[in-house]
Structure formats: structure tokens, C-alpha cells
Amino acid sequence: MLGPSGIGKSTLGELIGRYYDPDSGSILLDGRDLREYTVASLRRSIMLVDQTPYLFQVTARENISYARPEATQAEIEAAAKAAAIHDRILSLPDGYDTVLAERGQTLSAGERQRIAIARALLANPAVLILDEPTSSLDEANEAAIASTLAEALRGRTAILITHRAGLARIAHQIVELQ
Ligand SMILES: Nc1ncnc2c1ncn2[C@@H]1O[C@H](COP(=O)(O)OP(=O)(O)O)[C@@H](O)[C@H]1O
Ligand SMILES: [Mg+2]
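Residue numbers for the sequence shown follow the working numbering, beginning at 185 and rising by one.
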């Protein structure tokens, strides 16, 4: 989903996840109004990673395996690599055992978002919504992450929200909001 800042991309992502309902009109999922599904069932199948994701004050490993505590270290590292955050975690004082701060003390906004993307990839929801996953990166880093993300999203239903054409290139279908 592509479009300039302020056009309503994040709002649409939140509506699809039913974080709130439209004042008028309706959103259909497989032909049924979203309001016919329970919020609990939507939360199980649709996962939204927003631009300011929340980290828990637990280790990097536990932050990533939050939705799947039984995940193996190999699975956790594969998710971290797919989200391009593995090397950064290794550079922390205790690697995957480093306790992360809820806000910016340990990791930058973009790095926290990549932890949240790793968490979502490991949780493997039916539909994954990523809101501006590269907004805090320069173009060189964006290009690197775009190819990793393209690989990680293969075979999944993902809605990628971005205002950057470079990232939109990895999508199979582009919807532009005007
Ligand atoms: N369909 C809509 N009707 C009314 N207000 C909207 C609608 N879509 C977005 N907005 C409002 O427009 C503003 C920007 O929307 P946002 O989703 O944050 O844009 P983007 O993510 O594209 O930058 C927000 O204040 C939001 O509440
Ligand atoms: Mg937005």
C-alpha cells in the first residue's frame, strides 16, 4: 500500500486489524463484514507491526519468541536474520540474553521495529501488516532490508505499508492511496 504521508495508510492498516471500526461503510474479509468476526479471532490471524512497536523489558530472545515461547534458538535467529536485526542483537553486551529497555535506551526506533518484525515473522500469522518497516532507514539500508523482507514474506499474505517506491517494488500488487 503506497501513498504520501497523511493520506490514511496507517489508518487503513488499523481498520483491517479492527483496532477500530469505520464510522461509515464497511470492510469485508472474505466477503464478510469485519464486525462479524470477534476481535480475538482477528488478533490470532492478523498481526500488525506499527511504527512504534512495544518492546517488553525482557531479553531480546524473549521479545522475539513472545508469541511462540517454545521456539528454538535456531528458529528465533532465523526470524531475526529475516528482519535484519540478528547482527545488531549479537553486538549487544549479552547478545540474545540482553534485557531490552521498553523505550529507546538500548535500541533505536528502527531497530525496535525490526525486533517486532522478527516477533511477527516467528508468530507466523495468516495475515501480516507491516507499517513503514523502513521509515527510519537510509536508502542503502532500505535496499538491503527490502530483499531480505521479500524472501521472508514469500508464501505469506502480507500488507506492506510504505511511502517509498523502492520498498513497494517487492510487492505483487500495489495499491496507491490518493
Ligand atoms: N478515511 C478517513 N477518514 C477520516 N480521517 C482519516 C481517514 N484516513 C485517515 N484519516 C486521518 O488522517 C490522518 C493521517 O492518517 P494516517 O493513517 O496516519 O496517514 P499515513 O499513515 O498515510 O501517513 C489521521 O489523523 C487519520 O485519523
Ligand atoms: Mg502512517
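Cβ atoms here follow ideal geometry from the backbone N, Cα and C, with glycine treated the same way. Since we're looking at a predicted model, the values are computed, not measured.
>> Using only the alpha-carbon positions, how far apart do T318 and Y280 sit?
In response: 23 Å
> Where Q241 and E259 are concerned, what is the direct C-alpha to C-alpha distance, given to the nearest angstrom?
Replying inline: 21 Å
> Taking C-beta to C-beta, are L199 and I211 nearer than 8 Å?
Replying inline: yes
>> So the candidates are L361, G192, A266; which of them puts its Cα closest to the Cα of A304?
In response: A266
> Counting pairs of beta carbons, one from the segment 344–354 and one from the segment 308–318, are three or more of them closer than 8 Å?
Replying inline: yes
> Using a threshold of 7 Å, is the CB atom of E384 nearer than that to any non-hydrogen atom of ligand 2?
Replying inline: Residue coverage of the chain in this structure runs from 185 to 362, which leaves residue 384 outside it and unanswerable.
> From V283 to L291, what distance separates their C-alpha atoms?
Replying inline: 11 Å
> What are the start and end residues of the beta strand (DSSP E) that includes D315?
Replying inline: 311–315
> For the putative contact between R202 and L218, defined by C-beta atoms under 8 Å, what is the C-beta separation to the nearest angstrom?
Replying inline: 5 Å
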